[in-house]
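Positions in the sequence shown are counted from 1; adding 1346 to them yields our numbering. Structure record follows, encoded as structure tokens.
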Amino acid sequence: MSQIVNINSTFELTNATKSLQGRGSVGRVAYVLPIPLWNISTKAVADFSTHFQFQINWTNQTTSEYHDKGGSGFVFFMASPDSGYYVPYTQCGRWFGLFNEQSNGDKSNQLVAVEFDTHKSAWDPDSNHVGIDVNSVISVDIVSLDQKLNDGKIWDARINYHGQENMLNVFVSCRLCNGRGPSMLSHKIKLTEYLPENIVVGFSAAAFESSEVHRLISWNFTSVIATSTTSLSKKRKIASKLITIVVSVCCLVTIISVISFVIHFYRRRKRLTSEEEESDVDMVLDHVPRKFSYAELSTGTNNFSEKEKLGQGGFGDVYKGVLMKSDEVVAVKRISAGSKQGKREYVAEITTITRLRHRNLGQLLGWCHEKSQLLLVYEYMPNGSLDNFLFEKRKGDLNWTCRYRIASDIASALLYLHELWDECVVHRDVKSSNVMLDSEFNAKLVTLDWHACFGAVALEIACGRRTLDLRLEKQKMRLVDWVWDLYGQGRLFDAADSGLNGEFNRAEMEMLMVMVIGLWCSHPDPSTRPRIRQVLQLLNFEIPMPNLPNTLPKAAYSPIEGGFFNGMSDFPLTHANSQEMAVLSSSALTDMPSTSSSSTAMSKSSMS
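Here it is in structure tokens:
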């Protein structure tokens, strides 16, 4: 079950006119319906995420008693319906419109809040901080900010809670500030001990004899909690039936597999001629979604005309074609006669790719094996490859929102390949020319790789230049060295693509260049690099950022154990599966390596 709140209108929580007239002002915005936080029957706890933008203005104070009666910022709160809809009588802004002297610290409040405080009270460390409050305005955890909250700038805040880990994370950043970047506050708290099953969420602020005005510009709140009404006994019956079915199916599959293996082994020993080998290819690929005829593909590509040629890859040429029956535009890869990719590699490529199903992986539509010709048919990508928009003729056409989404798309595809699919598929040729863009600029991965190459692509997206440019001065030739040097000097944003004209989210830019891929994933020590799941969580601001050294560490090499994949998050190598994973478009495969780009498939059961 999920709850979603979306607000794109500006709300003014406090009224400066009333405050200056000495009448005080208290304001509150809350979602009208209670939201489930946890389930007393299943013990399931919700995961929620909220993202909002706010502005605080303070232009004047009209009393010397501001310590007691001034505005003190505002809070995002979670409370029981009784507390969430009730505004207590309060005399000054320091209570945020949630408490007063009598109720402050009372456990019956059932209220947890994240405060954005602009005034130093007796219990505060300073007048500019973010804190976590539990039934009281005295925070249980605090992080100080290096920029003023109430100077009129627009601030961006993200708050996430993970129910299983009981971890509350707060990210705060300023759009136009030149400080150290986003501030992070993480606090372990079991909300079920302080809040009821159903809660009210919203914002609250108070001001008295002060012109501090609090504006909520936008707000998004999403909550997900697993629900179940099945009784324990019914669950056990279902589980018992499932076990019986699974065991039966496994036994049946085992018997069929043994019989199939014996038959397959017997047939393999009898295949002695090339004609029998070609028949073997057709038999193995018989389950693949679609087999095209040679005549259909030859007609669609105008007999593989040079005018329809899109590029040349490592194992053959790529042509643009139109299927006669459906008028669908496709890309046809024609394996060259002298290619090192033989029939076995051809079969392995098709059987591997057709089993992959992800929105950010290009789709293999079908194949053809006639007249000793090996052909693969892929979906066509009208916008070509990512490098055209970063370095070539269309440089500057991608705005920051689109770039950040592309980075997330690539990370999502790699997570599927490395952890979510039945086997882990790894390819060592990830680069911007192998990231294709569809008509809506969604990224689709052409080749599959681990983080080091992915880190280089992320830096290219953020900086708008290639990872190695020999035309530049020595200290700028290698992109990783240059960005890491700027990071150590505190000048990270100097590396941002000038074509963006400064129009980017500073928190997202720092996350992409420094912590996610740009530097962390390019770390010389493979054991220090993150897992791809951590990469995606960082891109979504779901986990705190690690600290990196100010200078690029020196690589330390040691004897490799278990093959050259040592250091890749402890993935043991099991077997090679496919030679080249590709999605074709108007510029696809033009940058494919001329030698075999080996791809590796690893059983998920071997991943510790």
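Ideal placement from N, C-alpha and C gives every residue a C-beta, glycine not left out.
For Gly1646, the three-state secondary structure derived from DSSP is helix. According to DSSP, Ala1677 shares a beta bridge with Lys1666, Tyr1724. Secondary structure at Lys1494: coil, using DSSP grouped into helix, strand and coil. A direct Cα-Cα distance of roughly 23 Å separates Ala1802 from Leu1766. Contact between Phe1650 and Trp1713 fails: their C-beta atoms lie close to 16 Å from each other, not under 8 Å.
Secondary structure at Ile1591: helix, using DSSP grouped into helix, strand and coil.
Contact between Asn1474 and Leu1495 holds, with the beta-carbon distance rounding to 6 Å and staying under 8 Å.
Annotation: the continuous alpha helix (DSSP H) that includes Met1855 extends over 1852-1856. When rounded, the separation of the alpha-carbon atoms in Arg1812 and Ser1519 is 29 Å.
Looking at the DSSP output, Ile1478 shares a beta bridge with Val1460, Asp1487.
In this chain, the alpha helix (DSSP H) harbouring Arg1751 covers 1746-1761.
DSSP places Gly1834 outside any beta strand (DSSP E); the residue lies instead in the alpha helix (DSSP H), whose first and last residues are 1825-1834.
Ile1545 sits in a strand when the DSSP states are folded into three classes.
Bounds of the beta strand (DSSP E) holding Asn1515 are 1513-1520. Secondary-structure assignment with DSSP links Phe1420 through a beta bridge to Phe1462, Ala1551. Two segments are said to touch when three or more pairs of C-beta atoms, one from each, lie closer than 8 Å; by this definition the region 1668-1680 touches the region 1715-1726.
In the structure shown, Phe1611 falls within a helical segment according to DSSP collapsed to helix, strand and coil.
In this structure, Ile1807 sits near Ile1752, with a CB-CB distance shorter than 8 Å. The region 1883-1900 makes contact with the region 1814-1831: 3 or more CB pairs, one atom from each, lie closer than 8 Å. It is roughly 17 Å from the alpha-carbon of Thr1590 to the alpha-carbon of Ile1601. The shortest CA-to-CA distance from Glu1461 to any of Thr1645, Ser1490, Met1670 is the one to Ser1490. For Val1372, the enclosing beta strand (DSSP E) covers residues 1371-1376. DSSP places Val1391 outside any alpha helix (DSSP H), giving it a letter other than H or E. Counted as a single uninterrupted DSSP element, the alpha helix (DSSP H) harbouring Leu1736 occupies residues 1733-1736. Val1375 sits close to Gly1548, with the two beta carbons spaced by under 8 Å.
When rounded, the separation of the alpha-carbon atoms in Leu1760 and Met1727 is 20 Å.
Inter-segment contact for the region 1479-1490 and the region 1450-1459 is present: three or more beta-carbon pairs are separated by less than 8 Å. Annotation: the continuous alpha helix (DSSP H) that includes Leu1882 extends over 1878-1885. The beta-carbon distance between Leu1710 and Ser1550, rounded to whole angstroms, is 54 Å. This is too long to meet the 8 Å contact definition. Our two residues, Leu1522 and Gln1401, have alpha carbons roughly 12 Å apart in a direct line. In this structure, Asp1755 lies near Ala1789, with their beta-carbon atoms less than 8 Å apart.
Only exposed fits Pro1892, as fewer than 16 other CB atoms lie within 10 angstroms of its CB. Between Gln1880 and Met1530, the alpha-carbon positions lie close to 17 Å from each other.
Taking the Cα positions, Ile1889 is about 30 Å away from Asp1733. Here Leu1814 is exposed, its C-beta having fewer than 16 other C-beta atoms within 10 Å. At the C-beta level, Phe1394 and Ser1564 stay beyond 8 Å of one another.
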